[in-house]
Amino acid sequence: MLRFILTRVSLVIPTFLGITFLTFILIRLVPGDPIEVRVGERGIAPERLAALRHELGLDQSLWQQFLDYVGNVLSGDFGLSLVTHNSVLSEFVTLFPATLELALCAMLFATLVGLPAGILAAVKRGSLFDHGVMGASLTGYSMPIFWWGLLLILFFSVALGWTPVSGRLDLVYYVEPVTGFMLIDTLMAGEYEAFRSALSHLILPTIVLGTVPLAVVARMTRSAMLEVLGEDYIRTARAKGLADGRVIGMHALRNALIPVVTVIGLQVGTLLGGAILTETIFSWPGVGKWLIESINRRDYPALQGGVLLIATSVILVNLLVDVLYGVLNPRIRHAR
Amino acid sequence: MSAELSTNPEPAVPEPVAVSRPPHPLTEFWYHFKQNKGALGGLVVIALIALIAIFAGVIAPHNPDIQYRDAILTPPVWQEGGSWSYILGTDDIGRDMMSRLMYGARLSMMIGLIVVTLSLAVGLGLGLVAGFFGGMADVLIMRAMDILLALPSLLLAVVVAAILGPGLVNAMLAVSVVVIPHYARLTRAAVLAEVNKDYVVASRVAGAGPLRLMLIVVLPNCVAPLIVQATLGFSTAILDAAALGFLGLGAQPPTPEWGTMLASSLQFLQRAPWVVTWPGIAILVTVLAFNLLGDGLRDALDPKLKR
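Chain order of the listed sequences is C and X. Under full-length UniProt numbering, the first sequence has 331 at position 331, and the numbering climbs by one with no breaks. Under full-length UniProt numbering, the second sequence has 181 at position 181, and the numbering climbs by one with no breaks.
Take a look at the structure:
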């Protein structure tokens, strides 16, 4: 077991180094002199330029610079934001729970709706319901989610007035962040009105961000179930006279879940990418919106650190899924 | 070969020889493909959009950039205040929505075509090299692809577009970079499956050089999954380019790119919903059509799924 986990972890290290290298190089591709970009001065004296270059380590070889960068990153130093002069890491850590809360809710939504829909569609193969689920999921998969969000705002927030248009919480409430998850913080503070406000702010972004994963989960569940339902042991179970519910729930679903769990894990990247759009539409104060703002403000250290941090969290989640998968499924663990 | 058989009939051999001749691969493909009504529908829609894109200059009722100052935010014709001269309404500075959408189709099809061609060419090359030569080249190429895959695709596209600077060409480059790994991995897997088969070994023994082996002997047998991926790649390209346009990192106004159109009329969402509705529907329909076609192609080309 330990051996399996260690192998997986060691496989991640080159990927992490590669991404660090990528973000390191990308920022150097920004047109313009790095000093000008960072300091915002033009026509500075040569001595000052040399001093600044030395200060920023730009007079060293590229390799040395990269090694320094990796060293800084590993000790948690992602540089300072050009705009706020705060450490990029601390800004990220403040905003990340908002994104995580939204992503978790979206994943929960996608699973809670997608799994039953996929199972039912497979069981009632060829029925109207099946065609409906498949059509809906293909549409969801093709949806430009920024437009989908706008439509939902137009209908539920503007026309019906059911949900707020943007943000995480009504301005009248203030809750001291403890976990950073608004739903948990408001409950812990005992502010039930604030909890309801937080919940109503969360509904539309959750649906928008969860649409693509929902489609993927429903499709995957259906095809995995169809495959399993054709197996001999299902026929045996039916021949034994077991009730339909037991055959589907106990015999089929448990085996069909394996690929579905993998797909759910793989959606984490999609979710964090989709968060960029969703957070922009709903003014959700998370890392996606922060990243776009950093781009618009030409805050390159923030962009560089943010991308690296998001990529690292995606890698870590994928690693976690991989390990969990091995724990759940011994066949994978002992494959090599 | 079959002609030889029929011109030289043995009296002892009965007719059925000709009957059991396998159908041409294309005929067989079409037979399987046309059973999928969704895929047929997708194909028809794509053909329509392509026609609109090609003939936008002829069929568009107005110039997409002309601002009709006396017809600002005219609603579509079936709503009160609508007019037949602006069937789908006008935007916030009086440009005809329908004409802009038609020219937008031209842009989106072009984006899809360029992105798919570019990423397919690069991915195919990398995958062929990795699959054929193995060893260090394989490890380096595939590790690099893994790194690209570890980043959420939209995030990577956003970063590349931000660094190259906003604009349609840079957005296309950004989206192309993001999808290269898919083609590279598919090609490599297909090459690895083929490369040790007898026919490849035979050509190698016969003296075929590596380039000939790669491009003429092996490649044609790896095409099926690539066709499917390329079709689905159209939808990803159009969707991602529109998302970049929406974020202000893609095509810049006044270019009638669908995502950019959406973003530039956002503040009129409440007053004039149609300026936001139409571009979105255009994106959705186009992407859906390509996804339907891709699914149908996969079912028709993948022998494992054939009944």
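Quick reminder that beta carbons are idealized off the backbone N, C-alpha and C, glycines included.
Unbroken alpha helix (DSSP H) runs of length 4 or more, entirely within the region 56 to 95 of chain X: which are they?
-> For the region 56 to 95 of chain X, whole alpha helix (DSSP H) runs of length 4 or above, ordered along the chain, are 56 to 59.
Nearest-angstrom Cα separation, counted from residue 177(X) out to residue 119(X) | If I take the Cα positions, the gap works out to 7 Å.
Closer than 7 Å at the beta carbon, the chain B residues around residue 104(X) = You won't find chain B in this structure, because its protein chains are C and X.
If you follow the alpha helix (DSSP H) that residue 232(C) is part of, which residue opens it and which one closes it?
-> Per DSSP, residue 232(C) belongs to the alpha helix (DSSP H) from 232 to 239.
Counterpart residues of residue 316(C) in DSSP-defined beta bridges | Paired residues: none, contrary to the question.
If you drop the 5 nearest sequence neighbours on each side, which residues of the same chain put their C-beta closer than 8 Å to that of residue 297(C)?
-> Once the five neighbours on either side are set aside, the close Cβ partners of residue 297(C) are 82, 83.
Check whether the Cβ of residue 163(X) lies closer than 8 Å to any Cβ atom in chain C.
-> So, interface residue.
Answer yes or no: does any C-beta atom of chain C fall closer than 8 Å to that of residue 307(X)?
-> Only weak support exists for where residue 307(X) lies, its pLDDT of 39 falling under 50; the value from the coordinates is given anyway. Chain C, which has no Cβ nearer than 8 Å to the Cβ of residue 307(X), makes this no.
Distance, residue 19(C) Cα to residue 13(C) Cα = The alpha-carbon atoms of residue 13(C) and residue 19(C) are separated by roughly 10 Å.
Run of the alpha helix (DSSP H) containing residue 198(X), from where it starts to where it stops = For residue 198(X), the enclosing alpha helix (DSSP H) starts and ends at 198 to 205.
Ordered along the chain, which non-local residues of its own chain (more than five positions away) have a Cβ less than 7 Å from that of residue 24(C)?
-> Closer than 7 Å at the Cβ level, and outside the excluded window around residue 24(C), lie 66, 69.
Which value, in whole angstroms, describes the spacing of the CA atoms of residue 232(X) and residue 116(X)?
-> Rounded to the nearest angstrom, the two C-alpha atoms are 9 Å apart.
Pick out the complete beta strand (DSSP E) segments inside the region 144 to 212 of chain X, 3 residues or longer, and give them in chain order.
-> As far as the region 144 to 212 of chain X is concerned, it has no whole beta strand (DSSP E) run of at least 3 residues.
Kindly say whether residue 146(X), judged by its beta-carbon, lies nearer than 8 Å to any beta-carbon of chain C.
-> True, the Cβ-Cβ gap to chain C drops below 8 Å.
Mind checking whether residue 98(C) and residue 226(C) have CB atoms under 8 Å apart?
-> Against a cut-off of 8 Å, the Cβ pair of residue 226(C) and residue 98(C) comes out as no contact.
Comparing alpha-carbon positions, which option in 164(C), 285(C), 261(C) lies nearest residue 329(C)?
-> Closest in C-alpha terms to residue 329(C), from the list 164(C), 285(C), 261(C), comes 261(C).
State yes or no: is the beta carbon of residue 323(X) nearer than 8 Å to at least one beta carbon in chain C?
-> Because chain X in this structure spans residues 1 to 307, residue 323(X) falls outside the shown range and cannot be described.
For residue 242(C) and residue 8(C), believed in contact at Cβ under 8 Å, the rounded distance | No, residue 8(C) and residue 242(C) are not in contact; Cβ-Cβ is about 38 Å, not under 8 Å.
Any Cβ of chain X within less than 8 Å of the Cβ of residue 269(C)?
-> Residue contact check for residue 269(C) against chain X: a CB pair falls below 8 Å.
To which residues of the same chain is residue 137(X) closer than 7 Å at the C-beta, ignoring the five residues directly before and after it?
-> Correct list, in chain order: 129, 130.
Exposed or buried, what is residue 250(C) when buried is set at 16 or more other beta-carbons lying within 10 Å of its beta-carbon?
-> Residue environment analysis places residue 250(C) among the exposed positions, since fewer than 16 neighbouring C-beta atoms fall within 10 angstroms of its C-beta.
Within-8 Å CB hit, residue 141(X) to chain C | No, no contact with chain C.
Residue 5(X) in three-state terms, based on DSSP = The predicted position of residue 5(X) is uncertain, since its pLDDT is 46 and thus under 50; a value taken from the coordinates is nonetheless stated next. Assigned with DSSP and collapsed to three states, residue 5(X) falls in helix.
Does the region 172 to 192 of chain X come within contact of the region 235 to 244 of chain X, defined as at least 3 CB pairs closer than 8 Å?
-> They touch, by the three-pair rule.
Can you give me the Cβ contacts of residue 197(C) inside the same chain, cut-off strictly under 7 Å, excluding the 5 residues immediately before and after it?
-> A distance below 7 Å between beta-carbons, with the five flanking residues on each side excluded, links residue 197(C) to the following residues of its chain, in chain order: 169, 170, 173.
Under a three-way DSSP split, which group does residue 264(X) fall into?
-> Three-state result, residue 264(X): helix.
By Cβ distance, which residues of its chain are closer than 6 Å to residue 289(X), with the 5 residues on each side in sequence left out?
-> Cβ within range, chain order: 42, 45, 46.
Neighbouring residues, chain X, relative to residue 311(C) (Cβ below 7 Å) = Ordered by position in chain X, the residues that pass the 7 Å Cβ test against residue 311(C) are 150, 151.
Terminal residues of the continuous alpha helix (DSSP H) containing residue 231(X)?
-> Taken as a continuous stretch (DSSP letters only), the alpha helix (DSSP H) holding residue 231(X) covers 223 to 246.
At a Cβ threshold of 8 Å, is residue 154(C) touching chain X?
-> With 8 Å as the cut-off, residue 154(C) counts as an interface residue toward chain X.
Using a Cβ-Cβ cut-off of less than 9 Å, list which residues of the region 272 to 286 of chain X approach chain C; keep chain order.
-> Hits within the stretch, in order: 273, 276, 277, 279, 280, 281, 283, 284, 285, 286.
Quick one: which residues of the region 297 to 321 of chain C get their C-beta closer than 7 Å to a C-beta of chain X? List them in chain order.
-> Legend: CB atoms of the region 297 to 321 of chain C lying less than 7 Å from CB atoms of chain X belong to residues 303, 307, 310, 311, 314, 315.
Whose C-alpha, out of 125(C), 307(C), 29(C), is nearest the C-alpha of residue 96(C)?
-> Closest in C-alpha terms to residue 96(C), from the list 125(C), 307(C), 29(C), comes 307(C).
Could you tell me the distance, in whole angstroms, from the CA atom of residue 253(C) to the CA atom of residue 111(C)?
-> Cα-Cα distance, rounded: 14 Å.
Chain-order list of residues whose beta-carbon lies under 8 Å from that of residue 82(X) (same chain, five-residue window excluded) | Non-local C-beta neighbours of residue 82(X) in its own chain, meaning closer than 8 Å and more than five positions away in sequence, comprise 74, 75, 76, 89, ordered along the chain.
Between the CA atoms of residue 207(C) and residue 194(X) - distance to the nearest angstrom | Taken atom to atom, the span from the alpha-carbon of residue 194(X) to that of residue 207(C) is near 44 Å.
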